Amino acid sequence: MGSILALLVGMALFLLAAVGIGLMISSLAVTQQQGLLGVFLFLVPAIILSGFATPIANMPELVQDLTYINPMRYFLVIVRGVFLEGDNMSMLWSQYWPLALIAIFSMSAAAWLFRHRMQ
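Its first residue numbered 1, the sequence shown is counted upward by one per residue in the working numbering.
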């Protein structure tokens, strides 16, 4: 078992990214039904492209490139690294920084969309 702190940092970054994406969808949706459909249209491809069911290395190259914008991809690597390989924070830095960028971008975009929706 790896570092619990490494897992907590990964979870916090993943949750910020996921909440930001959810808030973006919520800001774009006019009704609750549109919001649920938007989440469904995001979540199904995100799970498929995360590497959970099918290894990313077995996907076509174009699809592999699409996985770089999926926060779930990085979180699965963090969870596997901590639980199966005993990774610590320094070993997972290559997964933290893209997840942090996605979190910053998604939260910023959600705030911008919300502000412009209210005007």
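All residues carry an ideal CB built from backbone N, CA and C; glycine is no exception.
None of the values given here were measured: they were computed from a predicted structure.
Expressed to the nearest angstrom, what Euclidean distance is found between the alpha-carbon atoms of S108 and V19? 11 Å
What do you reckon, are the CB atoms on V77 and Q64 nearer than 7 Å? no
Using 10 angstroms around the beta-carbon of S90, count the other beta-carbons present and answer buried if the total reaches 16, otherwise exposed. exposed
A110 - DSSP class collapsed to helix/strand/coil: helix
Coil, strand or helix - Q33 by DSSP: helix
Where do the ends of the alpha helix (DSSP H) carrying E61 lie? E61 to L66
Are the region 23 to 32 and the region 110 to 118 touching by the rule of at least three beta carbon pairs closer than 8 Å? yes
For G81, count neighbouring C-beta atoms within 10 Å of its own C-beta (all shown protein chains included) and say buried if the count is 16 or more, exposed if not. buried
Own chain residues within Cβ distance below 6 Å of A29, not counting five before or after: G35 and G38
In whole angstroms, give me the CA-to-CA distance for F131 and F40. The structure shown does not extend to residue 131, since the chain is modelled only from 1 through 119, so no value can be given for it.
Answer yes or no: do I102 and P71 have a C-beta to C-beta separation smaller than 7 Å? yes
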